[in-house]
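S.K.:
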Ligand SMILES: Cc1ncc(C[n+]2csc(CCOP(=O)(O)OP(=O)(O)O)c2C)c(N)n1
Ligand SMILES: [Mg+2]
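Written out as structure tokens, the structure is:
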């Protein structure tokens, strides 16, 4: 039987459809993006001070993607991503204190310090990680979609992946299966132009990542991922498609990471100019700030107050993460295996 | 002689073989333009050009599969899998393709390739980027497996691996990349399947490899200084083939055997050595073989837990001292 889904491919980063939101909602989006930005800045600082070890992949510059996406879903929809995951956790409503404490390897972290920056989870918030293996979260997100469909609960799986991950084979195995079984999965490609030190043009024979589901009949769209309202509108549409039983959807979010891949990145693969141009001309937070001010939705005082509240939240998280104790040595042995239920 | 880091030894080893043999090609993720995530392959692109030194997409299955495809025609690819944990992503080639080609084809197909990979813990990377998986490779008939502990061995064993007619999994230890060592000038070519007695001793044989070597040596020094115990430290270097002559003759002299392993305990490489010793050196042994290993757990990210998980010099000292009742 032929796949019934209507073929639809759209690249429209320059003429975005934006979500219509109230002034309060826009302020809320601003606050959420700012929380991620300040959290990540703090994490970077603490890494520099030796308080965080291992990897630490910052999401600075990409805040609009997960923030816009989470503004478009309903309670109960699930989220999964790779290792650049701090922003996703905050956007899912996880507590910055617990995330920061995981980064510093403390017992109060979401995984008691055993997971680290790349591996955190919250069943309560329907955040399924946090995965260090590039591409691994894509079949997992497909399986989340399978479970939603199986249970008939109208939930949707938001499955985030990078541009680099798009060259992993299991991504296409997942696309095929999700299309075949009409699974409610929205694949959100965070195209920040680089996978480590390799640009998309050096790693991908076909640069239109949003079109890579076409052979399977999966609609795809390319969106300006620096515009939170464009992201929100696109995810709303994609989620609606998936929720109504039409199967998966692919969204390619054009975005940009300002910082290095992880904390030690010689950054020789791109120019300082490129980075500062993105920051100055496309910053997702500045864009919303400008709208708020220009539209008269929030004055400088209100924005200042929000800045201060967010700062206080981050300071509290950082203090908590430094003051918490290291995990107890006995934790080495816990949660390796489960208990057999009687 | 010159002092070189383990990291720089990798590039020198590859360069030595690429210079000698135009059939050697090298590819992996971020290995060319960026010089490797661990800076192990800096300068190779400049020296040998983009035809022979290539960046790949993040596609481990294609990397290893293509390496084998090329190897079947006689090219000698060196492929990098950035972290050894990712061998699991492309394990089909490791387990089903490389090691079986010669056997299934009546010797017509050869697979003279090298997979280099960053193995081991010490950097707080957590459960999916810190594993010691030399035992994964050791368990598959048809693969050769080496794990050097110092810069000179990196070069010599790399040369041996590239020149070997069979697939070799080459485990570099991430926490050794900054370690320095004396390296002879000129070409260095070692032999697979040779262990090295690095510190002679009469009271017990201690087998180790990679990062566990410096720890075993530190423990040996403490045991000698503080407890009057002289252990013989043997760098196993090559798990397949295994230098049983060196290992068993050491046991015949010392009458006790310890292994120091970073891989998790169940089915770690030392389990095989303990089994071999039980069969072949039973009457030489004055006591049970004792394995000092990482426990059978996923690796934690937190500093204190990761430190606790891996065998440390004090833990090695303690275990050996208690076992010898000294
Ligand atoms: C299977 C696998 N291969 C390689 C890596 C190493 N690695 C970690 S992140 C990364 C780049 C991924 O780029 P992309 O998917 O674009 O995500 P981004 O970091 O840009 O968010 C690579 C190669 C890995 N973690 N897993
Ligand atoms: Mg990327």
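Chains as they are written, first to last, in the numbering used here: chain X, 147 to 488; chain U, 10 to 335. Positions of the beta carbon are idealized from the N, C-alpha and C atoms, including for glycine. Keep in mind it's a predicted model, so treat the numbers as computed, not measured.
#1: Taking a contact to mean a Cβ-Cβ separation below 9 Å, would you say residue 144/X touches residue 407/X in this structure?
#2: Whose beta carbon lies closer than 6 Å to any heavy atom of ligand 2, going through the chain in order?
#3: Compute the Euclidean distance between the alpha carbons of residue 229/X and residue 111/U, then round it to the nearest angstrom.
#4: Grouping DSSP H, G and I as helix and E and B as strand, with all else coil, what is residue 140/U?
#5: Rounded to whole angstroms, what is the Cα-Cα separation between residue 219/U and residue 251/X?
#6: Under DSSP, the beta strand (DSSP E) around residue 250/X begins and ends at which residues?
#7: Would you kindly report the start and end of the unbroken beta strand (DSSP E) that includes residue 85/U?
#8: Which class does residue 312/X belong to by DSSP, given the choice of helix, strand or coil?
#9: Could you check which residue in 235/X, 465/X, 195/X, 391/X has the C-alpha nearest to that of residue 205/X?
#10: Report the rounded CA-to-CA distance for residue 276/U versus residue 355/X, giving the unit in angstroms.
#11: Just grab the DSSP bridge partners of residue 79/U for me.
#12: Given a cut-off of 9 Å on the beta-carbon distance, is the pair residue 178/U and residue 245/U in contact?
#13: Starting from the C-beta of residue 94/U, find all residues in its chain whose C-beta is less than 8 Å away, skip the five residues before and the five after it, and write them out in chain order.
#14: Residues of chain X with a CB under 9 Å from the CB of residue 306/U: which are they?
#15: At least one CB of chain U closer than 9 Å to the CB of residue 472/X: is that the case?
#16: Counting Cβ pairs closer than 8 Å, one from the stretch 12-30 of chain U and one from the stretch 46-65 of chain U, do we hit at least three?
#17: Residues of chain U with a CB under 7 Å from the CB of residue 311/X: which are they?
#18: What residues in the stretch 155-166 of chain X bring their beta carbon closer than 8 Å to a beta carbon of chain U?
#19: Once you ignore the five residues that flank residue 285/U on each side, which residues in its own chain have a CB closer than 6 Å to its CB?
#20: By a C-beta neighbour count over all protein chains shown, 10 Å radius and 16 as the cutoff for buried, is residue 469/X buried or exposed?
#21: Around the C-beta of residue 82/U, are 16 or more other C-beta atoms found within 10 angstroms, so that it is buried, or is it exposed?
#22: When the cut-off is 9 Å and only beta carbons count, does residue 171/X lie next to chain U?
#23: Confirm, please, whether the CB-CB distance from residue 192/U to residue 161/U is below 9 Å.
#24: Note the first and the last residue of the continuous alpha helix (DSSP H) segment covering residue 176/X.
#25: Tell me whether residue 292/X, by its Cβ, gets closer than 8 Å to a heavy atom of ligand 1.
#26: What's the C-alpha gap between residue 178/X and residue 438/X?
#27: Assess contact between the stretch 280-298 of chain X and the stretch 211-231 of chain X, defined as three or more Cβ pairs (one per stretch) separated by less than 8 Å. Is contact present?
#28: For residue 399/X, does the three-state DSSP call read helix, strand or coil?
#29: Report the option in 85/U, 332/U, 289/U whose CA atom is closest to the CA atom of residue 236/U.
#30: Is it buried or exposed, residue 231/X, if we count other Cβ atoms within 10 angstroms and call 16 or more buried?
#31: Just confirm the distance between the C-beta atoms of residue 233/X and residue 310/U, as a whole number of angstroms; I'd bet it's less than 8 Å.
#32: Any C-beta of chain X sitting closer than 9 Å to the C-beta of residue 132/U?
#33: May I have the straight-line CA-CA distance separating residue 151/U from residue 166/U, to the nearest angstrom?
#34: Using a Cβ cut-off of 9 Å (strictly closer), state whether residue 341/U contacts chain X.
#35: Can you tell me where the alpha helix (DSSP H) with residue 328/U in it begins and where it stops?
#36: Does DSSP classify residue 483/X as helix, strand or coil?
M.R.: The answer reads as follows:
#1: The requested residue 144/X is not part of the displayed model; chain X covers only 147 to 488.
#2: 308/X, 309/X, 310/X, 338/X, 340/X, 341/X
#3: 39 Å
#4: coil
#5: 26 Å
#6: Neither: residue 250/X is in no beta strand (DSSP E) and is coded neither H nor E.
#7: 85-92
#8: helix
#9: 235/X
#10: 42 Å
#11: Paired residue(s): none; residue 79/U is not in a bridge.
#12: no
#13: 137, 138, 139, 140, 142
#14: 478, 479, 482
#15: yes
#16: yes
#17: 67
#18: none
#19: none
#20: exposed
#21: exposed
#22: no
#23: yes
#24: 169-194
#25: no
#26: 14 Å
#27: yes
#28: strand
#29: 332/U
#30: buried
#31: The pair is not a contact, with the Cβ atoms about 19 Å apart (cut-off 8 Å).
#32: yes
#33: 18 Å
#34: Limits of chain U in this structure are 10 at one end and 335 at the other, which puts residue 341/U out of reach.
#35: 322-332
#36: coil
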